[in-house]
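A.B. asks:
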Amino acid sequence: MLTGKSNKPAEDLGADDVDEEPCNFTVYVQVWSPSALEKKPGKGGKTSTTIFMSKGPFKFDTLQLFAKFQIQVACILPCRLASLPISKFEWKFENQAQSAPQKKIATIAGYEALIDTIKAKQATENIIVWLYTPKPAKEEDDWDTGGADYVEHPFGFEKETSNGESTSAKGLIAEMSAKRGEAEALLTKEYPAGKFAIFPDKCVWQNKMTGSYFEITPLHIKIWANAILRTLQAFHHDVTTNKPACMQAAKMANVFAPPTSTHFTEDKKLKVPAAHPQAPGGGNGPGLYPPSHFMGFPPLQHFPPYYPTPYPPYMGAGYPYPSHSYPYPPPGPPAAPPHGFQMGAPTVPPLANIPSPFPSPSVTMRHNVSLVEFCLQYDVPVSDQVKLAALEYHPGNRAIETLGDKDWHEFAKFTTLGWKSFVDAHKKICSAMKAHNT
């Protein structure tokens, strides 16, 4: 038993010592490191901030030795025992005031003082201790030398804080600015000037529900991008906390739907310009081949010479029978009408079938499918659209299949399930393109 006066092993303790129950407590390790010096605007000197990151927790009890405590800290980081800055260990309880001083635990005497304090609390609930330590020293010889304390993946403070674990305000702001810039770039690409022919010089978004058009200015882009960023943050928070609100948050704003804002109300919609007047002689005029040239009988309002039939078409309307006789028909058959011509219809060629801007999986355009259309057709989330844009992916580009884990996981921040879902959609559109072009 460890009392601060004796370090005897358990088998050498007396009966009174063995009967003492251990007191359990939980330890959270707070690793800190000063950031680089920064010059604040309006100040002469440079200041630095401290970056913290939390590791752990691990369970411990008052019967354990200080050496075992050090080993547990090295395992939770992880790092070699020799890399721990034990001389700078400090602690305090979780429920203490923020301004409460931290106590040294750098030696056996400091550790025994911690144990005695925990015993004196005699709390029935779990006691939580915060251990503060600088980041471990980085060893140059980090390869496997056969030693018992070798760590395969040692703790790297800079690497872990760069992945978004940093609590530095400047780091969080920089990360948010980068994500907002990605959202702005995606919106600018989706809504270029001239996307709608009736507004050739404007960036326009159309509300599919009402059919209204809205101009997208740089201010609209910033508001929209901020809303997308808030949606992604809410979605991530609700998923990690198992909240059902994540599905509602995902519908707040995305690349195809702007946020609920006064900038997108009906009173701000654009006025659709009036149709331009047609040029003289243009429009749907009479056909080149009047129907009387090939229909086999004249219009009812005219009675040119015509070869007789048992029942002329105009007799049913009460017209008198013409007094003159009908000559024989002219030699040769009458001219055939154009293909698909209808009586009285203008002789304007029929419009070609305009392909849908959102092709089905079985009929896909080879080179005209944008990233946004692909994501919409195959239900790719907005967060993955930003990651695919960072990878410069174009639908149908099979080079994406050769990427390794370092590209799609470490660089693009794809999860394993998210990447597999995207690969399935990518294979579907490749198959559709191949079927369409054969």
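Just so you know, we're using the UniProt record's numbering here: the sequence shown kicks off at 1 and counts up by one. Beta carbons are placed, not taken as given, at the ideal position from N, Cα and C, and that holds for glycine.
On the three-state DSSP scale, how would you describe T133?
C.D. replies: strand
A.B. asks: For P258 and N126, I'd like the C-alpha separation in whole angstroms.
C.D. replies: 48 Å
A.B. asks: The beta strand (DSSP E) spanning S383 covers which residue range?
C.D. replies: No beta strand (DSSP E) holds S383; the alpha helix (DSSP H) holding it covers 382-390.
A.B. asks: Would K92 and K103 qualify as a contact pair, given that the criterion is a beta-carbon distance under 8 Å?
C.D. replies: Yes, these two residues count as a Cβ contact at 8 Å.
A.B. asks: Can you give the beta carbon distance from V386 to E175, rounded, assuming they're within the 8 Å contact cut?
C.D. replies: Between E175 and V386 the Cβ distance is about 13 Å, and since that is not below 8 Å, they are no contact.
A.B. asks: Is there a C-beta anywhere in chain D that falls below 8 Å from the one on A100?
C.D. replies: Considering every chain present, this structure includes no chain D. It has just one protein chain.
A.B. asks: Near I216, what residues of its chain come up, given a Cβ to Cβ distance below 6 Å and the 5 sequence neighbours on each side ignored?
C.D. replies: The residues are Y191, C203, W205.
A.B. asks: Going by beta carbon distance, what residues of the same chain come within less than 8 Å of K88, once the five residues before and after it are set aside?
C.D. replies: A106, T133, P134
A.B. asks: What residues in its chain sit with their C-beta under 7 Å from that of W419, if we drop five residues either side in the sequence?
C.D. replies: W408
A.B. asks: Please specify which runs of the alpha helix (DSSP H), each continuous and at least 4 residues long, are wholly inside the region 85-138, giving them in chain order.
C.D. replies: 108-121
A.B. asks: First and last residue of the beta strand (DSSP E) that includes V204?
C.D. replies: 204-206
A.B. asks: Considering Cα atoms alone, identify which of S177, P218, N207, K208 is closest to residue 439.
C.D. replies: As shown, the chain starts at 1 and ends at 438. That puts residue 439 outside it, with no answer to give.
A.B. asks: Within a Cβ cutoff of 7 Å, which residues of the same chain sit near K269, ignoring the five residues on either side of it in sequence?
C.D. replies: S212, Y213, F214
A.B. asks: Out of V272, K271, H220, P273, which has the shortest C-alpha to C-alpha gap to A253?
C.D. replies: H220
A.B. asks: T188 to P273, Cα distance in whole Å?
C.D. replies: 24 Å
A.B. asks: In whole angstroms, what is the alpha-carbon distance linking K138 and I108?
C.D. replies: When rounded, the separation of the alpha-carbon atoms in K138 and I108 is 25 Å.
A.B. asks: Which one or two residues does DSSP pair with V31 in a beta bridge?
C.D. replies: M53, T133
A.B. asks: By Cβ distance, which residues of its chain are closer than 6 Å to Y378, with the 5 residues on each side in sequence left out?
C.D. replies: Here Y378 has A425 as same chain residues with Cβ atoms under 6 Å from its own Cβ, once five neighbours each way along the sequence are excluded.
A.B. asks: Alpha helix (DSSP H) containing F69: first to last residue?
C.D. replies: 66-76
A.B. asks: Would E410 be called buried (16 or more neighbouring beta carbons within 10 Å of its own) or exposed?
C.D. replies: The residue is exposed, with fewer than 16 neighbouring Cβ atoms inside 10 Å.
A.B. asks: Quick check on T415: does DSSP put it in helix, strand or coil?
C.D. replies: coil
A.B. asks: What number of angstroms, rounded off, separates the C-alpha of F69 from the C-alpha of S54?
C.D. replies: 17 Å
A.B. asks: How long is the line joining the alpha carbons of F196 and L388, rounded to whole angstroms?
C.D. replies: Looking at the two C-alpha atoms, the distance is approximately 26 Å.
A.B. asks: According to DSSP, is T188 helix, strand or coil?
C.D. replies: Annotated three-state conformation of T188 is helix, per DSSP.
A.B. asks: When burial is assigned at 16 or more other CB atoms within 10 Å of the CB, is S383 buried or exposed?
C.D. replies: By the 10 Å Cβ count, S383 comes out buried.
A.B. asks: Using the three-state DSSP reduction, which class does F199 fall into: helix, strand or coil?
C.D. replies: coil
A.B. asks: How many angstroms separate the CA atom of A225 from the CA atom of I198?
C.D. replies: 26 Å
A.B. asks: Could you pull out every residue in the same chain whose Cβ sits closer than 6 Å to the Cβ of A390, ignoring the five residues on either side in sequence?
C.D. replies: A412
A.B. asks: Helix, strand or coil: how does DSSP classify T265 here?
C.D. replies: T265: coil per DSSP, three-state reduction.
A.B. asks: Indicate the three-state DSSP secondary structure (helix, strand or coil) for K271 in the structure shown.
C.D. replies: coil
A.B. asks: Please state the DSSP three-state secondary structure of A399.
C.D. replies: Looking at A399 - three-state DSSP - the assignment turns out to be helix.
A.B. asks: What residue does the beta strand (DSSP E) around T215 start on, and which one ends it?
C.D. replies: The sequence given here places Glu at residue 215; Thr does not occur at that position. First-last of the beta strand (DSSP E) with E215: 213-215.
A.B. asks: Whose C-beta lies closer than 7 Å to the C-beta of F264 among residues of the same chain, with five residues either side of it excluded?
C.D. replies: Hits under 7 Å: F214, P258.
A.B. asks: For the alpha helix (DSSP H) containing L63, list its first residue and its last residue.
C.D. replies: Where L63 is concerned, there is no enclosing alpha helix (DSSP H), given that its DSSP letter is neither H nor E.
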